[in-house]
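Reading through the structure tokens given below for one structure.
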Amino acid sequence: MRPNPIVPESGQESVWDYPRPARLEDSNKSIRIICNGTVLAETTKAKRVLETSHPPVYYLPSEDIKLEYLIETPKKTWCEWKGKCQYYDISIGEKYIRNAAWRYIEPTPDFVTIQEYYAFYPSLMDACYVNDELVMSQPGDFYGGWITADIVGPFKGSPGTMGW
Numbered sequence: 001m002r003p004n005p006i007v008p009e010s011g012q013e014s015v016w017d018y019p020r021p022a023r024l025e026d027s028n029k030s031i032r033i034i035c036n037g038t039v040l041a042e043t044t045k046a047k048r049v050l051e052t053s054h055p056p057v058y059y060l061p062s063e064d065i066k067l068e069y070l071i072e073t074p075k076k077t078w079c080e081w082k083g084k085c086q087y088y089d090i091s092i093g094e095k096y097i098r099n100a101a102w103r104y105i106e107p108t109p110d111f112v113t114i115q116e117y118y119a120f121y122p123s124l125m126d127a128c129y130v131n132d133e134l135v136m137s138q139p140g141d142f143y144g145g146w147i148t149a150d151i152v153g154p155f156k157g158s159p160g161t162m163g164w
């Protein structure tokens, strides 16, 4: 059962207006990720994935990430829209976070441009920012969406939303 979407105000986007299948688009917004007090990543060359009922997921180019803190894990998943995905742990100082980041190592043709881009679960970081606005994480954390004031839901991810 689909919920009633929140009507977006001027300057806002509704996740219910996002497409299915998912769409990839460039973003020139300033993205910053802080983990264990360290700026782990910072870019204005991100890409974002938009999919019905989900807040955007931001993917950052490898050259704008401190990759020395990422450790490849055995975990791999498959997304019907984006392809084969590889997960990464993050180790910074005494902090070790399992499966905190991911990237598509064998993307589908529509998503080939994010092959060298990484995404991060905002709930596992100290803070994530979009244009200096602190991000809220998508409920449930399965999808890793980034919620900002310009995005309205309701959002898939909380208990009871699997059938949306």
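Heads up, the sequence shown is in full-length UniProt numbering, so the first residue is 1 and it goes up one at a time.
Where a beta carbon is used, it is the ideal one built from N, C-alpha and C, also for glycine.
Model, not experiment: these values are computed from the prediction.
Exposed or buried, residue i, counting other C-beta atoms within 10 Å across all chains shown (16 or more means buried)?
{"i": "Gly144", "result": "buried"}
{"i": "Met1", "result": "exposed"}
{"i": "Gly11", "result": "exposed"}
{"i": "Leu70", "result": "buried"}
{"i": "Gly83", "result": "buried"}
{"i": "Ala127", "result": "exposed"}
{"i": "Tyr96", "result": "exposed"}
Between residue i and residue j, which are expected to be in contact by the criterion C-beta below 8 Å, what is the C-beta distance as a whole number of angstroms?
{"i": "Pro56", "j": "Glu116", "result": "With a Cβ gap of about 19 Å, Pro56 and Glu116 do not count as contacting."}
{"i": "Leu24", "j": "Thr113", "result": "7 Å"}
{"i": "Ser53", "j": "Val15", "result": "5 Å"}
{"i": "Tyr118", "j": "Arg103", "result": "5 Å"}
{"i": "Ile34", "j": "Leu40", "result": "7 Å"}
{"i": "Phe142", "j": "Gly163", "result": "Incorrect: roughly 14 Å between the Cβ atoms, too far for contact."}
Beta strand (DSSP E) containing residue i: first to last residue?
{"i": "Val39", "result": "38 to 43"}
{"i": "Thr108", "result": "Per DSSP, Thr108 belongs to no beta strand (DSSP E) and is neither H nor E."}
{"i": "Thr58", "result": "It should be pointed out that residue 58 corresponds to Tyr in this sequence rather than to Thr. Where Tyr58 is concerned, the enclosing beta strand (DSSP E) stretches over 54 to 61."}
{"i": "Ile31", "result": "31 to 35"}
{"i": "Phe120", "result": "117 to 120"}
{"i": "Glu9", "result": "Element bounds for Glu9: n/a, residue is neither H nor E."}
{"i": "Val49", "result": "46 to 51"}
{"i": "Trp78", "result": "70 to 79"}
{"i": "Arg20", "result": "Element bounds for Arg20: n/a, residue is neither H nor E."}
{"i": "Gly83", "result": "83 to 92"}
{"i": "Ala127", "result": "127 to 130"}
Figure out for me which residue from the options has the closest Cα to the Cα of residue i.
{"i": "Gln86", "options": "Lys75, Cys35, Glu80", "result": "Lys75"}
{"i": "Arg48", "options": "Ile34, Ile31, Gln138, Asp26", "result": "Asp26"}
{"i": "Ile105", "options": "Ala46, Ala22, Glu72", "result": "Glu72"}
{"i": "Gln138", "options": "Asn131, Ile147, Val130", "result": "Ile147"}
{"i": "Thr108", "options": "Gly163, Ala22, Gly140, Trp81", "result": "Trp81"}
{"i": "Asp132", "options": "Tyr18, Glu13, Phe111, Thr43", "result": "Thr43"}
{"i": "Cys79", "options": "Phe111, Arg98, Leu134, Thr161", "result": "Phe111"}
{"i": "Thr38", "options": "Met136, Met125, Gly140, Leu134", "result": "Met125"}
{"i": "Glu94", "options": "Pro3, Ala22, Asn36", "result": "Asn36"}
Closer than 8 Å is the cut-off here; do at least three beta carbon pairs connect the region 139 to 159 with the region 64 to 72? Cβ pair count under 8 Å is below three, so no.
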